[in-house]
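Numbering (the working numbering), first residue to last: 30 to 259.
Cβ atoms here follow ideal geometry from the backbone N, Cα and C, with glycine treated the same way.
Because the structure is a prediction, the values reported are computed rather than measured.
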């Protein structure tokens, strides 16, 4: 299965954060426009109060209407400000999470590469030792063949050589067994690193989904602020 590299994934999420910050800047611009609109409505209200000053009942109704309208606009602006602050905090937190994820991904990738390199080295060493083991076994077989046709003194020498070869063969077999154990341990460690990498990829996918949801919320906030401005 093809996998996106950790660094590429973190870079993609970083780009999404930059888009997110631009969306927040747009919301802030819309907020400024909405504030100016609210101030314009307050001025219009004051002018209207002066115009209808002679009719108290109509004045009261208009004052109540414009007070309510200004109040609603200010409430919408306060809500938008709170949402922008919240989105900004979430954006900064996400950026820190992605930086931490990038560092962890590099660390796991380095450990995984080291484990693969060590595993390959052990496998090569086992092959070399097995080849080395075959050479003394062949010599032992040749000595045993010579024992059958040699005199007593030569036979004694050959038997001593045979015992030495047995020791060499046993030592080599022990080394092969130890390396096999180390190789199994490295294989287990490599599998664990691969599994951890898959978990971080899944976390990156979840974070991307959260960013998408936050962007949708930000777009909805922009519509709300624009509505208040209108």
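With a cut-off of 8 Å on the beta carbons, I'd call residue i and residue j a contact; round off their distance for me.
i	j	result
residue 99	residue 67	6 Å
residue 95	residue 74	4 Å
Measure the C-alpha to C-alpha separation of residue i and residue j and round it to an integer number of angstroms.
i	j	result
residue 108	residue 47	23 Å
residue 64	residue 44	30 Å
residue 60	residue 76	24 Å
residue 30	residue 41	With a pLDDT of 39 at residue 30, under the threshold of 50, the predicted position of this residue should be treated as unreliable, and no value is reported.
residue 258	residue 79	In this prediction, residue 258 scores a pLDDT of 46, lower than 50, which makes its location untrustworthy; the coordinate-derived value is nonetheless stated afterwards. In a straight line, the C-alpha of residue 258 is about 24 Å away from that of residue 79.
residue 54	residue 103	20 Å
residue 32	residue 146	Note that residue 32 scores 47 on pLDDT, short of 50, meaning its location in the model is unreliable; the coordinates nonetheless yield the value given after this. Distance between the alpha carbons of residue 32 and residue 146: 20 Å.
residue 101	residue 50	27 Å
residue 93	residue 71	13 Å
residue 196	residue 153	23 Å
residue 52	residue 207	59 Å
residue 111	residue 57	11 Å
residue 160	residue 201	10 Å
residue 150	residue 203	18 Å
residue 157	residue 199	15 Å
residue 62	residue 97	20 Å
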